[in-house]
Each structure stands twice: as structure tokens, then as C-alpha cells.
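Sequence lines, in order, name chains A and B.
So for the first sequence, the numbering used here puts the first residue at 276; every next one is plus one.
So for the second sequence, the numbering used here puts the first residue at 2; every next one is plus one.
Cβ coordinates follow ideal geometry from the N, Cα and C atoms, glycine included.
Here the structure is laid out as C-alpha cells; the discussion comes afterwards.
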Amino acid sequence: MRALLENRFAVTAVILFGIGLANMLLQKNLIKKIVGFNIMDSAVFLLLASRGFVEGRVAPIVAEGMADASLYINPIPSGLVLTGIVVSVSISAFSLALVQRIYHAYGTIELDELVMRVKKEAD
Amino acid sequence: MRPFVENFPFFCIFLAMAVGILLSVSKDGRKAYWISLAVTAVVAVLSAILLGYLMENDLSYTYAMGKFPAPFGNELKVGPLQALLSLTFSAVMGLSLLGGQTDLFADVLPAKQNLYFVMSNLILASLLALTYTNDLFTGYVFIEISTIAACALVMAKDTGANMMATIRYLFMSLLGSGLFLIGVALLYSITGHLLMPNLHDSVAKLVESGQYQLPLTVIIGLITVGLGIKSAMFPFHMWLPDAHGSATTASSAILSGLVLKGYIVLMMTLFVRVFTLNTLIESGIINVVLLFGLLGMVFGSLRAIQQTHIKRMLAYSSVAQVGYIFMGFGLGTEAGIAASCLHILVHACTKPMLFCCAGRLGAVSGHHKNLANMRGSAHKDVVAGIGFMVGALSMIGIPLFGGFVSKLYFANASLLNSQAMAITLLVIAVSTVLNALYYIPAVLAIWSRPEGSSEHSCQAHGKPERDVAFTVSAVCFILLVFALGVFYQPAIQAIEAGLRLM
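Structure (C-alpha cells):
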């Protein structure tokens with residue numbers, strides 16, 4: 276129990292990652308799949324951000340002469356998370372645009388139905 | 002002060018990326034097309050000069066991006082292998098655009114044509130960055146850029162089948178990059194580094210002290226599977242035939258020949274530069290890679306035999322050829338990796354040629370993609386017929402063609418691995434026979450005279466228009482494949498020097 280509490284960020288991240296992965300693989304609705312992907316990415320960001328966090332320290336913004344490095348958290352993971360968020364946002368935007376096109380073409384975003392329609396079109 | 006030539010890798014990446022972004026405001030697809038071709042030519046020339054310089058001095062160097070020193074800044078690592086790969090990637094990219102030109106302007110809506118070249122330039126930039134990067138997180142960012150751009154290339158031909166192929170490709174890619182990202186996050190949390198040389202030292206320390214063995218194995222597994230999904234490693238290849246089979250000719254050529262290779266090259270760099278082969282052998286991941294490679298070689302070919310759609314056949318053949326590359330990694334020796342690198346070059350030259358020729362043969366036989374309807378099409382465009390034949394023979398592994406040399410090196414490399422030797426040699430032999438089983442009938446079909454007199458059918462359809470751009474690119478491809486098959490020594494030397502200086 277103690278170990279769980281001490282690693283609470285990692286545990287939460289693993290649970291979230293599982294939820295996201297399951298959603299991405301099992302959902303039939305394309306939008307829900309994209310939401311699943313976003314949950315999965317957030318889990319990784321949580322894990323990364325928690326690695327750089329040190330209890331009782333502040334964000335590394337130099338103000339009022341606080342130049343001592345021991346006052347700040349590790350900024351590199353935060354930087355990585357920011358980059359990761361940018362990537363994740365652009366991927367989501369692209370996926371949603373694609374889903375919108377599919378909806379315009381077929382009038383549905385359920386995967387099973389789409390596969391059937393495309394097959395019918397090919398025949 | 003570093004010699005000016007050492008700045009070239011940065012110039013190449015920056016040029017491709019900047020031109021890609023600038024082309025988004027151009028209105029004219031044709032102009033964008035010629036600009037993109039010029040970019041690939043410039044990158045190829047710069048890479049060739051760089052390769053000559055590196056080979057002559059037998060050196061590799063790290064290139065710091067910005068003013069920050071090693072543990073914080075971003076770095077490129079440039080050696081002969083990287084220069085050779087970027088030379089091949091840019092040259093093949095240019096030739097693919099040239100070979101698929103007619104289909105490209107017919108398949109993509111005129112208003113959207115400039116956007117196609119935005120994506121093709123971004124793919125070139127991300128391929129170069131994946132080859133040169135010395136920083137794991139930069140690798141991740143460029144993986145995602147190339148994913149989006151590759152999906153857009155599949156979608157460029159705006160049909161229902163393409164959209165479905167794209168969405169499938171996109172979700173599989175997202176899964177792959179998610180696994181890769183969590184692998185990177187875990188690796189960062191046990192080592193505290195992202196630059197490859199520092200990672201190498203930390204991983205070596207961890208292995209020596211026996212700490213974190215399980216997490217390390219999991220990390221290697223996650224990164225391998227993540228990149229494996231994106232590069233169509235055997236059990237994760239389900240997205241590939243749809244995506245590569247239905248896209249426009251130039252897209253299929255670029256995706257099959259190059260985009261897959263970008264991820265494979267990053268994986269190879271990580272295996273050699275970060276994890277080292279010994280760690281991989283101890284963790285047992287290497288056997289999984291070998292197994293997947295061997296299975297891919299057989300099952301990719303078996304599925305290709307069943308196809309009647311020529312592009313889908315070529316797409317399944319890519320699964321088999323990627324299997325060869327993973328088999329080379331799986332042997333766990335320097336020789337195996339060198340053979341894989343050679344096969345990366347050979348496949349990067351051969352498969353785009355096959356796709357371009359298949360596209361052209363389909364065009365002259367009335368836009369049919371089915372092999373049965375393409376009988377005798379080679380007589381209508383002899384260059385395309387010869388190109389397809391050369392590509393097919395190279396993929397089967399006939400001497401004088403590029404594919405033979407890489408298979409020879411694979412066989413030689415497998416002799417060094419006593420455990421896997423027998424099975425590897427056997428699978429190479431079986432896979433060669435299987436390759437022949439679908440390529441030879443295809444070649445025979447396109448060269449056979451159709452029923453009835455051919456004169457008559459030619460008159461009925463009229464002589465097909467000449468396609469100068471395609472002819473130029475096919476001739477260049479044929480020469481490249483022959484060059485790799487006959488004068489392969491320089492390439493081998495560059496690869497061996499590159500691996501030594503990794």
C-alpha cells in the first residue's frame with residue numbers, strides 16, 4: 276500500500292495508459308478511438324512530468340534573484356511534455372479532420388459499418 | 002572552426018523543412034513539383050559530397066545544434082552510413098516523384114497539389130532527421146511528423162478506400178508511437194538522459210551493476226514493437242497492403258521504399274548506439290526480432306502469391322522484404338546489421354521502381370490494376386516492362402542485380418550465428434522460391450502477347466502517349482539497381498565504415 280502511495284503518479288499513469296490503449300483498440304467509434312489515443316498520451320505525459328517533479332520546489336522561472344538551482348524542479352521533463360502536447364494536438368487535429376471527411380463521404384463513423392460500405396463500393 | 006562541409010546535414014534537414022512549409026502558400030502545383038525535385042537533387046548532391054569527405058577522412062562527428070553543451074543541447078551524429086542513407090533517400094524520393102508524375106497530377110485535385118509537395122518535403126526532412134539525430138526525443142518528434150505526412154500522402158487520392166486505408170494506418174501508427182513514447186519516458190526515468198552517447202553509458206552501467214534489468218528489457222521491447230508497428234514488422238503489418246496498395250503511384254513508392262526505412266534506421270541506430278548488441282542478446286529481444294523477421298519473409302510472400310491486384314502484391318512483397326531486414330538485425334552480429342543496411346539500400350531503390358513501373362503499365366493498359374487485365378502491357382511501354390522485370394529479378398535475388406548481393410551478405414552473416422544458421426539459411430531459400438513464385442508469373446503476364454493480334458489491339462486503343470518523366474526515372478532506377486548489383490564494393494565499404502564509426 277505504501278509503495279502504491281509513493282508511486283501514485285506512476286500507478287495512475289499505468290492505469291490511464293491501459294484505459295487509453297483498450298479504448299483505442301476496442302472501440303468501434305472513430306472519435307472514441309481518438310479520445311482513447313489522447314488518454315494514452317496524457318498518461319505518458321503524467322509519467323514524464325512526475326519524474327521531473329521534486330516535492331517542495333517550484334517551476335524554474337528565475338525571478339527576484341532566486342538563482343539557486345536547488346530551489347527548482349527538473350525542467351527537462353516539463354519541456355518534453357510541452358513538446359509531446361504539441362505533437363499530440365496536431366495528431367488529434369489531423370485525425371479529427373480525417374474522420375470528418377469520412378463522415379461526409381459515408382454518413383457514419385462506426386468502423387464496422389464503414390468497412391461494409393467500402394467493400395460494397397469495391398464490388 | 003569546423004570545415005564547412007560538416008554543416009551539410011543541418012542544411013539538408015533545414016532546406017527540406019523550410020521549403021515544405023513555404024510551399025503551403027504556393028498556388029501552382031506544377032511549380033511546387035519542380036521546386037520539390039530541385040530540393041531532392043540539392044540534398045542528394047550535398048549528401049554525396051559529405052559522403053566523399055567522410056569516407057576520405059574516415060571520420061564521424063557530432064554536430065551540436067545551438068550553443069548548449071552535450072547533456073542539455075540537441076545533437077546530430079554524422080558518419081558515412083548516415084550520409085549514404087540520406088543520399089539514397091533523397092535520390093529515390095526525387096526519382097519516385099518523377100516516375101509517378103503523370104498519376105500524381107491525375108489523382109490529386111488541382112487545388113490541393115501544392116499540399117502534396119508540402120507533405121513530400123516534410124517526409125524528406127523527417128527521414129533525414131531520423132537518420133542523423135543523436136537525440137531520442139527529437140527522434141520521437143520526427144516520427145510523428147513523418148506519420149502525419151505519410152498519412153496525408155495516402156489520403157491524397159481522395160477515394161473511400163483510401164480514406165479507410167488512411168484511418169487504419171493512422172491508428173496503427175498512433176499505437177506504435179504511443180508505445181515508443183512510453184518506452185522513451187521509462188528509459189529517461191531510469192537513466193536521466195536522452196542523448197544517445199549518454200544513454201549508452203548509463204545503459205552499460207545498469208547492465209554491469211545488474212540494476213533495473215526488467216525495466217530495461219521492457220523498454221527495449223516497447224521501443225522495438227513501437228517502431229516495428231510503424232515499419233510493418235510481420236505480425237503488425239495489417240495496415241500496409243491497404244495503405245500502399247491503394248495510394249497514388251508516387252505515394253506508394255515513397256511509402257514502401259522510404260518511410261518504412263526511416264523507422265528501421267532509427268531502430269538500428271538505437272540497437273547499435275544505445276543498447277549495444279550484447280545487451281540485446283542477453284535480454285532475448287533479439288530472438289523475437291529474428292523470429293518476426295523469418296515469419297515475415299515467409300508469410301509476406303505467401304500472401305503476395307494470392308494477390309491479383311498488382312500494387313497489393315508489391316505491398317505484401319514489402320512485408321517480406323522488411324522481414325529480411327529484421328532477420329539481419331535478429332542475427333545479432335555486426336555482419337547481420339551490415340547486410341540489413343545493404344538490403345535497406347537495395348529495397349529502397351528496387352521497390353519504388355516496381356511501383357512506378359506498375360503504375361505506368363496500368364496506365365498504358367487502360368488504368369487496370371489487375372494482373373489479368375495487364376497482359377501484354379509491357380509491349381506498349383518497353384521501358385516500364387524492362388524496369389518491372391529488373392525489379393522483379395532483383396527482388397528474387399538473381400546475380401547481377403542488387404537483391405542478389407544483399408541476400409549473399411545475409412547468407413554469409415547467418416553463417417556466423419551458429420544457433421540460428423540452419424533455420425535462417427532454410428528460410429532464405431524458401432523465401433527466394435516464394436518470391437519467384439509471384440514475380441515470375443507477373444513478369445510473364447506483362448510480356449506475353451494478348452489473345453488475338455497485338456497490332457489490332459494497339460490500333461484500337463491508339464498508341465499510348467509517351468511519358469518522358471517516367472522513362473527518365475525508370476532508366477535511372479534500372480542503372481541504380483545494376484550499380485548496386487555489380488559495383489557494390491563502395492556501398493559495402495561505406496556501410497562497414499559507418500557501423501564502425503557509429
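{"Check": "Between PHE138(B) and ASN374(B), what straight-line distance do the alpha-carbon atoms span, to the nearest angstrom?", "Outcome": "48 Å"}
{"Check": "If we ignore side chains and look at the alpha-carbon of each, how far apart do CYS342(B) and THR472(B) end up?", "Outcome": "28 Å"}
{"Check": "Can you name the residues of chain A whose CB is closer than 9 Å to the CB of ALA379(B)?", "Outcome": "Simply none; closest approach about 27 Å."}
{"Check": "What span of residues does the alpha helix (DSSP H) with ASN436(B) cover, start to end?", "Outcome": "422-448"}
{"Check": "Residues in the same chain with beta-carbon distance under 6 Å from PRO329(A), minus the five sequence neighbours each way, listed in chain order, please.", "Outcome": "It should be noted that the sequence gives Val, not Pro, for residue 329(A). Counting only Cβ-Cβ distances below 6 Å, and skipping sequence neighbours, we find ILE348."}
{"Check": "Beta carbons nearer than 8 Å to chain A: which residues of the region 336-366 of chain B have them?", "Outcome": "none"}
{"Check": "In this structure, what does DSSP give as the bridge partners for GLY77(B)?", "Outcome": "One detail in the question is off: residue 77(B) reads as Leu in this sequence, not Gly. Note: LEU77(B) sits in a beta bridge opposite TYR64(B), THR134(B)."}
{"Check": "According to DSSP, simplified to helix, strand and coil, what is ASN199(B)?", "Outcome": "helix"}
{"Check": "Within its chain, find whatever has a CB closer than 6 Å to the CB of PHE143(B); leave out the 5 residues flanking it on each side and keep chain order.", "Outcome": "SER127, ALA130, LEU131"}
{"Check": "With DSSP run on the structure shown, which of helix, strand or coil describes HIS344(B)?", "Outcome": "helix"}
{"Check": "So GLY161(B) contacts chain A; which residues on that side make the cut at Cβ distance below 9 Å?", "Outcome": "ILE377, ALA380, TYR381, LEU389, ARG392, VAL393, GLU396, ALA397"}
{"Check": "Over the uninterrupted alpha helix (DSSP H) stretch that includes LYS231(B), give me the two end residues.", "Outcome": "214-231"}
{"Check": "If you draw a straight line from the alpha carbon of PRO491(B) to that of VAL476(B), how long is it in whole angstroms?", "Outcome": "21 Å"}
{"Check": "For the alpha helix (DSSP H) containing TYR170(B), list its first residue and its last residue.", "Outcome": "161-192"}
{"Check": "Can you say whether VAL506(B) is buried or exposed, counting buried as having 16 or more other CB atoms within 10 angstroms of its CB?", "Outcome": "This structure cannot speak to residue 506(B), because chain B is shown only from 2 to 503."}
{"Check": "Please report whether the beta-carbon of ARG326(A) lies at a distance below 7 Å from any beta-carbon of chain B.", "Outcome": "yes"}
{"Check": "Kindly indicate the opening and closing residues of the alpha helix (DSSP H) around ASN371(B).", "Outcome": "Per DSSP, ASN371(B) belongs to no alpha helix (DSSP H) and is neither H nor E."}
{"Check": "Under a Cβ-count criterion, where at least 16 other Cβ atoms within 10 Å of its own Cβ denotes burial, should LYS394(A) be classed as buried or exposed?", "Outcome": "exposed"}
{"Check": "Would you verify that the beta carbon of VAL329(A) is, or is not, closer than 7 Å to some beta carbon of chain C?", "Outcome": "Among the protein chains in the structure shown, which are A and B, there is no chain C."}
{"Check": "Where does VAL393(A) sit, in a helix, a strand or coil, going by DSSP?", "Outcome": "helix"}
{"Check": "Given this structure, state the Cα-to-Cα distance separating LEU82(B) from GLU76(B), to the nearest angstrom.", "Outcome": "17 Å"}
{"Check": "Closer than 7 Å between beta carbons: that is the criterion. Which residues of the region 169-181 of chain B meet it against chain A?", "Outcome": "LEU171, PHE172, LEU175, LEU176, GLY179"}
{"Check": "Rounded to whole angstroms, how far is the Cβ of ALA84(B) from the Cβ of SER48(B), which I believe are closer than 8 Å?", "Outcome": "5 Å"}
{"Check": "Can you tell me the Cα-Cα spacing of ALA297(A) and SER178(B), whole angstroms?", "Outcome": "16 Å"}
{"Check": "I'd like to know if MET315(A) contacts chain B, where contact means its C-beta is closer than 7 Å to some C-beta of that chain.", "Outcome": "yes"}
{"Check": "Please list, in chain order, the chain A residues whose beta carbon lies closer than 9 Å to that of SER253(B).", "Outcome": "Within 9 Å Cβ-Cβ: nothing; SER253(B) doesn't reach chain A, min ~18 Å."}
{"Check": "Go ahead and label GLY211(B) buried or exposed: buried means 16 or more other beta carbons lie within 10 angstroms of its beta carbon, across all protein chains shown.", "Outcome": "exposed"}
{"Check": "Do you know offhand how far SER455(B)'s Cα is from VAL444(B)'s?", "Outcome": "Residue placement at SER455(B) is poorly supported in this model, since its pLDDT is 49, which falls under 50; the coordinates are not used for a value here."}
{"Check": "Pop quiz: ILE309(A) and SER353(A) are said to be a contact at Cβ under 8 Å. What is the actual Cβ separation, rounded to whole angstroms?", "Outcome": "Contact flag wrong, Cβ pair sits at about 25 Å."}
{"Check": "Is the shortest distance between the beta-carbon of VAL362(A) and the beta-carbons of chain B less than 7 Å?", "Outcome": "yes"}
{"Check": "If you drop the 5 nearest sequence neighbours on each side, which residues of the same chain put their C-beta closer than 7 Å to that of ARG274(B)?", "Outcome": "MET197, HIS201, MET503"}
{"Check": "Is there a C-beta anywhere in chain B that falls below 7 Å from the one on PHE284(A)?", "Outcome": "no"}
{"Check": "Please classify TYR489(B): does DSSP put it in a helix, a strand, or coil?", "Outcome": "coil"}
{"Check": "Closest to PRO242(B) by CA distance: which of GLU209(B), HIS344(B), LEU256(B) is it?", "Outcome": "LEU256(B)"}
{"Check": "Counting Cβ pairs, one atom from each stretch, are 3 or more of them under 8 Å apart for the region 400-418 of chain B and the region 321-339 of chain B?", "Outcome": "yes"}
{"Check": "Grab the span of the alpha helix (DSSP H) containing VAL362(A) for me, first residue to last.", "Outcome": "350-381"}
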